[in-house]
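Going by the working numbering, the first residue of the sequence shown is number 62, and it counts up by one from there.
The next block holds one structure in the form of structure tokens; read it before the comments.
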Amino acid sequence: MPRIESTAARLAKLGFADGATAARLVEQSGGELDDLLDGLVEVADPDLALLSLTRLAERAPQAIGALKADERLRERALAVLGVSAALGDHLVRHPGHLHLLAADPGDPRDDLLRAVAADPADPLPRAGSAQPPSEPDSPARPDDPAARPGSAGTTGDPMVALRVAYRGRLLGLAARDLTGRASLSEVTAELSDLAGAALEAALAVARTQVEADDVRLAVVGMGKAGARELNYISDVDVIFVAEPREGADETKALRAATRLAQAMMRVCSAATPEGALWEVDAGLRPEGRNGPLVRTLASHLAYYGRWAKTWEFQALLKARPIAGDLELGAAYVEAVNELVWSAATRDRFVEDVQAMRRRVEEHVRAEGERQIKLGPGGLRDIEFAVQLLQLVHGRLDPLLRRRATLPALAALSRGGYVGRDDSRGLAEAYTFLRQVEHLLQLHRMRRTHVLPTDPAALRRLGRALGMQADPVGEFTARWRRHAREARRLHEKLFYRPLLQAVARLPDTETRLSTAAAAARLRALGYVDPDGALRHIAALTSGVSRRAAIQRTLLPVMLGWFADTPDPDAGLLGFRQVSDKLGATPWYLRLLRDETAVAARMARVLGASRYATGLLMHAPDAVALLGSDADLALRSAEALRAEASAAVTRHAADPAGAVAAVRALRRRELFRTAVADLFGLAGIEQVGVALSTLNDVTLQAALDAAIAKLSAVRGAPPPTRFALIAMGRLGGMESSYASDADVMFVHDPHPGADEREAGEAAFAVANELRRLLSLPAPDPPLLIDPDLRPEGRQGPLVRTLASYRAYYARWSSPWEAQALLRARFSAGDAALGEEFRAMADELRYPAGGLREESVREIRRLKARMEAERLPRGADPALHTKLGPGGLSDVEWVAQLLQLRHAGVVPSLRTTRTLEALRAAVAEGLLRASDEEVLAEAWQCASRIRDAIMLVKGRPGDSVPADARERMRLARTLGYPPDGSEDFLDDYRRVTRRARQVVERVFYGS
């Protein structure tokens, strides 16, 4: 027992995690391993290495003697056994492969073809039957043919022999990798060549299963296999190209080539006693998994010339012939290269690039941070960025046409397409992540890209990378630093050189040419790249602190602008706002320090000219972008209190009071617009918010107007005064472009002179309109009183008694219909309530609507459809008057109210969707019909609001211009290529709604 304890303590000091277990293993070996213990101090996982050594000693005792006798062999063997349990298992099963750890690797193609008993000199090698070795348990001498991985396998099955030989090659390569005898690029190149050799050997086996003498078959490597940057364990991406031999029938030849390719894939992926090699993935072929597995060269080129997407050309960057008919494979690569490097000139390249960037970003966000391939700052980030820059600039610069990531990144740096420091940082991060990826995969020879959380596994990774003092802490810190740096650099990789293109740089720094900068901006969605470069120059030139901060901000901001519907407008707006606020200390500091504010600002500026205009005149509203809480729509009470305080503050200056209230309105319009853009408020909430804001503005302006007239007269007006909201304002459904539809009502105080009261009320109404129409940088709130009795021909202001007399004697059905939206907005609330009670008698008739009146309303609606549509407008795309549009839905709701609200109180609402929901609850409308109508109303309302947000001016029709429609669709949440989907959705929604309207409203 003391012997075990002292050995355990010694082993723990040597770096063993489990000293007691290690001591027992040493004891069981009978002292055979004592001389190897000191060599385990430096390996990644001494416990793992010792376990594999113990098993090897039991299986082939001579192997331990060989390790003791050869220092080079010992160093490499222990390095491999301390990292890879899987290769340790292989060595225990095949101790004859021990000397491969220190042997010259030789040609992989020849070795693997010999492993399947095929002749490497044969132009079309065929596998034979492998013979088992005579001494399977012996560690072969270095000069013994049995030590070669291509020697006859342990079975007559060539697929088993192929796997044994392949892993023997991996054993030697891993030894050179883990002892620093091979660089990362040398390791990945050899792994790729080994995969190509394995495919060649698999073809040799497949030729014994399939008759295919009449066809030439080329295997073109794609992805990492094509770029010679393969992992230890990875699917091997390929494309198959075939041509019939002279005189052969093409159809039969392609069938044979397909069978041959399928057989080759099975040879690689089939399960055997020695496991499988890896999957052969042909999913990058034309039409993907839905397309034929094998095509002729002409068929490939026809597809790429007509149907291929940009991502397919990006994939073809890596294409390289790796097996089969290499001459045919080279012809394929040469032919597609011209298409690859002209991809940037194709239609929809910009849209495709944006979609590709979006997919990568979404994928990155969906993965956990410990995913070193697809997570934030992972390998995919770097590879995608490099490939995209190659596609953009490689057409004009052949020096960029490199398959592998690191050589391509170096070429981009030499050409000035990527900054030197950025290139160096990305290369270091990429190299580190690839090394970690290899270590993860070597452990169990499994395809994985997820960092473990187990401290023992992290310790193995850290020690394998030379971190001895605190392997877990050092490794974790280094990984996070590289991932963070890779992500940071990726986000601005496209954009930082654009700043250098317009800046004064030292002669030692290569700059991106103006033409290359313009090409990059154009590829990323900027329509006017020359203008964009001028804005960049204006923002970043000079030595001021402001310019320095802009040089830090812009690389990221430019990327965010590129993701918006209108990058040019975003950059222009940013320059304009920066010109206004650039000297303000908090502005640039806020953008620099608060990423969420800068990101939201970029989105707003690139999506909405309306919001940009508001921000231009209230730039301090940038501070609202800090959080969702800052963008929460404010209550009516809070707004009324703030507006009332503003009026009180400017009691002696009515124009100043209204200006202050209009500034409040401008800020709240910006808050509402941004909440709308970011999906923080639905269309009904937006309508209520805008209507409430208009009510508050009207009340404040009315207070100011009454205060002024009271001061002039020396007494308050001798009448009560109220504003009655009508139309969309009355329905709490205001849009950004809505006027304030109102009627003015007054009621003289008891004993007051009616004429004097009327004149005072008229003066209040006119002063209200004047104050709200004073020139100002704010969106105007226009007063529209045209829905009053007799329209423009009638008096602007009436008494409550006058309204009652008019409606009792002269009103028509359409006026009763208009009153369905009437509600109190501002002024004397008691008078407003009296008006409501009077209106209820007309709009909610106790006996319902006479059939004659129903017919008149239907005729009026039909005439309006025929006459009011603007000249040249496409009815199907008109959101207000077109089939299934706002008018259709609203008239359905209003007809239901006119007919039934007299006896159904729940229908007594000024809001369209509330009326429809109440009709369903009362059994007056099918739930399915309400759902269709509500969807159409919400869709049309959102589009009208979005038109105003995007263009900064109102519009009722879906734009016919493709670019305008794309911007609108993007703002509504569709992807860059979703313009036609948006149009199809609108047509579908309105078509269904119109069918309901025909049945419910017209009774057809």
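Just so it is clear, CB atoms sit at the ideal spot from N, CA and C, and this is done for glycine as well.
Computed from a predicted model, the values in this text were never measured in an experiment.
The Cβ-Cβ distance between GLU261 and ARG137 does not fall below 8 angstroms. Within the segment 348-377, the alpha helix (DSSP H) runs of at least 4 residues that lie entirely inside it are, in chain order, 358-367, 371-377.
Judged by beta-carbon spacing, ALA980 lies within the 8 angstroms limit of LEU986, meaning their Cβ atoms are closer than that value. From the listed residues ASP218, ALA179, VAL397, HIS810, the smallest Cα separation to ALA331 is found for ASP218. Per DSSP, GLY436 lies in no beta strand (DSSP E) segment and is marked neither H nor E.
Leaving aside the five residues that flank LEU362 on each side, the residues in its chain whose CB is nearer than 8 angstroms to its CB run, in chain order, ALA396, VAL397, LEU400. Counting C-beta atoms within 10 angstroms of its own C-beta, ASP1006 has 16 or more neighbours from the protein chains shown and is therefore classed as buried.
Contact between ALA734 and SER669 holds: CB atoms are separated by about 6 angstroms, below the 8 angstroms threshold. For the pair of segments examined, the segment 431-449 was found not to touch the segment 609-623: the number of CB pairs separated by less than 8 angstroms stays below three.
With contacts defined as CB atoms closer than 8 angstroms, VAL757 and ALA783 fail to qualify as a contacting pair.
The three-state secondary structure of VAL665, taken from DSSP, is helix. Contact between ALA110 and LEU98 does not hold, since their C-beta atoms are separated by about 10 angstroms, which reaches or exceeds 8 angstroms. MET283: not part of any beta strand (DSSP E); DSSP gives it neither H nor E. Non-local C-beta neighbours of ALA78 in its own chain, meaning closer than 7 angstroms and more than five positions away in sequence, comprise ASP108, ALA517, ordered along the chain. Annotation for ASP990: the continuous alpha helix (DSSP H) segment containing it runs 988-1012. At the C-beta level, LEU460 and ALA472 come within 8 angstroms of one another. Rounded to whole angstroms, ALA376 and LEU387 show a C-alpha spacing of 20 angstroms. Taken through DSSP and simplified to helix, strand or coil, ASP274 comes out as coil. A Cβ-Cβ contact shorter than 8 angstroms links MET793 with THR971. Rounded to whole angstroms, the Cβ separation of LEU790 and SER799 is 6 angstroms, and the two are in contact under 8 angstroms. Using a C-beta cut-off of 8 angstroms, the segment 820-830 makes no contact with the segment 1001-1015, since fewer than three inter-stretch Cβ pairs fall below that distance. Per the Cβ contact rule, the segment 902-913 is in contact with the segment 871-891 (3 or more Cβ pairs under 8 angstroms). Exclusion of the five residues before and after GLY788 leaves ASP802, ARG882 as the residues of its chain whose Cβ lies within less than 6 angstroms of its Cβ.
Under DSSP, SER771 takes part in no beta bridge, so it has no partner. For ALA78, there is no enclosing beta strand (DSSP E), as DSSP marks it with neither H nor E.
DSSP places PHE1062 in the coil class of the three-state scheme, outside both helix and strand. For PRO616, the enclosing alpha helix (DSSP H) stretches over residues 606-623. Distance from the CA atom of LEU675 to the CA atom of LEU738, rounded to whole angstroms, is 14 angstroms.
The three-state secondary structure of ALA465, taken from DSSP, is coil. The DSSP assignment places no complete beta strand (DSSP E) segment of no fewer than 3 residues inside the segment 470-512. In this structure, PRO626 places its C-beta atom within 8 angstroms of the C-beta atom of ARG1031. A check of alpha carbon separations from ALA713 across GLY349, GLU1025, LYS769 identifies LYS769 as the nearest. Nearest to GLU851 by alpha-carbon distance, out of TYR867, ASP845, ALA837, is TYR867. Here HIS807 is bridged, per DSSP, to PHE782, THR860. For VAL141, the closest C-alpha among the options VAL1057, ALA84, ARG230, PRO532 is that of ARG230. Linking ARG1049 to SER1040 through their CA atoms gives a straight-line distance of about 14 angstroms.
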